[in-house]
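*Asks:* Number 894 in this note's numbering belongs to position 43 of the sequence shown; there are no gaps in the numbering.
The C-beta atom is built at its ideal place from N, Cα and C for all residues, glycine as well.
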Amino acid sequence: MEYSLAGREGCRAELGRPHRSVDGVLHSEKNAVQPHRKRQWCIAHLTANFLCEMERVLDVYSRPYDDRFPVLCFDEQPCFLIGDVMAPVPSEPGRVAKQDYEYQRFGSAAVLLAVEPKTGRRFVQVCARRTAEEYTAFMQNLERAYPAAVQITLVQDHLNTHHGGSFYKFMSPQAAHRLVGRFEWVYTPKHASWLNMAELEFSALQRQCLNRRIPVLERLRSEVEAWVAARSRAGVTLNWQFSTQVARRTLGRHYEAIRIK
852 MEYSLAGREG CRAELGRPHR SVDGVLHSEK NAVQPHRKRQ WCIAHLTANF LCEMERVLDV
912 YSRPYDDRFP VLCFDEQPCF LIGDVMAPVP SEPGRVAKQD YEYQRFGSAA VLLAVEPKTG
972 RRFVQVCARR TAEEYTAFMQ NLERAYPAAV QITLVQDHLN THHGGSFYKF MSPQAAHRLV
1032 GRFEWVYTPK HASWLNMAEL EFSALQRQCL NRRIPVLERL RSEVEAWVAA RSRAGVTLNW
1092 QFSTQVARRT LGRHYEAIRI K
């Protein structure tokens, strides 16, 4: 696995408190409508373009494994650097560990991640920022990891840096053109991050590694690196069940709605 640490680390510390949801209605009935409670959700509009892009992603996932044409999923997410205001109290026999609810923010970082679902091979880069420069460096490392591949298929979202144009900003035209040719980019529909299997890796990373306060970039990198190494040693792969056939069955009414009668 390859890791890199890039960017500026100087960030102003901020004192903050965790966001809490507070019920504003007392003694509400169990089944009563509770307008004060809501969950944030990105609702996709299932257009013809959405269904077309969705099916292309699902068709890629259904390809039989071929090491000449590896299929990987890529995504990137921000990560806040958070430290304690007061030193936590460690656990002792008969007493649980305690952590004060106040925290300090020391800026943010970014985690770039790619996973090959069928083999469990994964690559992570922890950076101080996420720009076209970090994306280009990550793709250079990823391409070097597959020297025998004819072409690398990469499933990713439509973020404005996720394209070959980023390469031309930091590489010679010849090198950028060669690197572009090494990839087949497959884009998930807008508002459909759930179709990207890299999201499954990020979910596990959040639950198993990032569910604690990490105040500095070096420690974040170390923690993420250890998590990736352990997950790779365990041989964790991703088993995707949602196919084009399943999509047409479960989303049948949306397919019918877009057809011109």
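Hey, does Arg973 have any beta-carbon neighbour from chain C nearer than 8 Å?
*Replies:* Given the protein chain composition of this structure (a single chain), no chain C is represented.
*Asks:* Run through DSSP, which three-state label would Leu877 get?
*Replies:* Residue placement at Leu877 is poorly supported in this model, since its pLDDT is 39, which falls under 50; the coordinates still yield a value, given next. Of the three classes helix, strand and coil, the one that applies to Leu877 here is coil, per DSSP.
*Asks:* Which residue's Cα is closest to the Cα of Leu964: Arg1072, Gly1103, Arg1084?
*Replies:* Among Arg1072, Gly1103, Arg1084, the Cα nearest to that of Leu964 is on Arg1072.
*Asks:* Can you tell me whether Arg1118 is helix, strand or coil according to DSSP?
*Replies:* Lying before the first or after the last residue shown, residue 1118 is absent from the chain, which here runs from 852 to 1112.
*Asks:* Rounded to whole angstroms, what's the CA-CA distance from Gln976 to Asp926? Just pull it up for me.
*Replies:* So the two alpha carbons sit approximately 11 Å from each other.
*Asks:* Would you say Glu994 and Leu1030 are within 8 Å of each other, going by their C-beta atoms?
*Replies:* Contact flag set, yes.
*Asks:* Give me the residue from Cys930, Ala899, Met905 with the minimum Cα distance to Arg1064.
*Replies:* Of the listed residues, the one whose Cα sits closest to Arg1064 is Cys930.
*Asks:* Rounded to a whole number of angstroms, what is the C-alpha to C-alpha distance between Tyr912 and Val1067?
*Replies:* Rounded to the nearest angstrom, the two C-alpha atoms are 37 Å apart.
*Asks:* Distance, Cα to Cα, Tyr916 vs Thr970?
*Replies:* Spanning the two alpha carbons is a distance of roughly 9 Å.
*Asks:* Would you call Thr1039 buried or exposed, if buried means 16 or more other Cβ atoms sit within 10 Å of its Cβ?
*Replies:* Flag for Thr1039 reads buried.
*Asks:* Indicate whether the contact test is met: 3 or more Cβ pairs, each with one atom in the stretch 974 to 988 and one in the stretch 898 to 908, closer than 8 Å.
*Replies:* With a cut-off of 8 Å, the stretch 898 to 908 and the stretch 974 to 988 do not count as touching, because too few Cβ pairs lie within range.
*Asks:* Arg914 and Leu932: beta carbons closer than 8 Å?
*Replies:* The answer is no: Cβ separation not under 8 Å.
*Asks:* Can you list, in chain order, the residues of its chain with a C-beta nearer than 8 Å to that of Leu1010? Leave out the 5 residues immediately preceding and following it.
*Replies:* So the list reads Glu927, once near-sequence residues are dropped.
*Asks:* Nearest-angstrom Cα distance between Trp1045 and Asn992?
*Replies:* About 25 Å.
*Asks:* Please report the distance separating the alpha-carbon of Gln1096 from that of Ala1043.
*Replies:* Between Gln1096 and Ala1043, the C-alpha separation is close to 18 Å.
*Asks:* Give the range of the alpha helix (DSSP H) segment to which Ile1003 is assigned.
*Replies:* From DSSP, Ile1003 is part of no alpha helix (DSSP H) but of the beta strand (DSSP E) over 1003 to 1007.
*Asks:* How is the alpha helix (DSSP H) around Arg1072 delimited, first residue to last?
*Replies:* From DSSP, the alpha helix (DSSP H) with Arg1072 extends over 1068 to 1084.
*Asks:* Between Val1006 and Asn1062, is the Cβ-Cβ spacing less than 8 Å?
*Replies:* Contact: no.
*Asks:* Quick check on Gly1016: buried or exposed, where buried means 16 or more other Cβ atoms within 10 Å of its Cβ?
*Replies:* Gly1016 is exposed by the Cβ-count criterion.
*Asks:* Name the one or two DSSP bridge partners that Val1087 has.
*Replies:* BP columns for Val1087 are empty, so no partner.
*Asks:* Return yes when the Cβ of Pro921 is within less than 8 Å of the Cβ of Trp1091, no when it is not.
*Replies:* Taking 8 Å as the Cβ cut-off, Trp1091 and Pro921 do not qualify as a contacting pair.
*Asks:* Expressed to the nearest angstrom, what Euclidean distance is found between the alpha-carbon atoms of Arg1033 and Ser959?
*Replies:* The straight-line gap from Cα to Cα measures roughly 32 Å.
*Asks:* Starting from Arg973, trace the beta strand (DSSP E) in both directions and tell me its first and last residue.
*Replies:* Per DSSP, Arg973 belongs to the beta strand (DSSP E) from 972 to 978.
*Asks:* By the 10 Å Cβ neighbour count, where 16 or more other Cβ atoms means buried, how is Asp1008 classified, buried or exposed?
*Replies:* The residue is buried, with at least 16 neighbouring Cβ atoms inside 10 Å.
*Asks:* Using DSSP with H/G/I as helix, E/B as strand and the rest coil, what is Arg1099?
*Replies:* In the structure shown, Arg1099 sits in a helix (DSSP, three-state: H, G or I).
*Asks:* Report buried or exposed for Arg1082, applying the criterion of at least 16 other Cβ atoms within 10 angstroms of its Cβ.
*Replies:* Burial call: buried.
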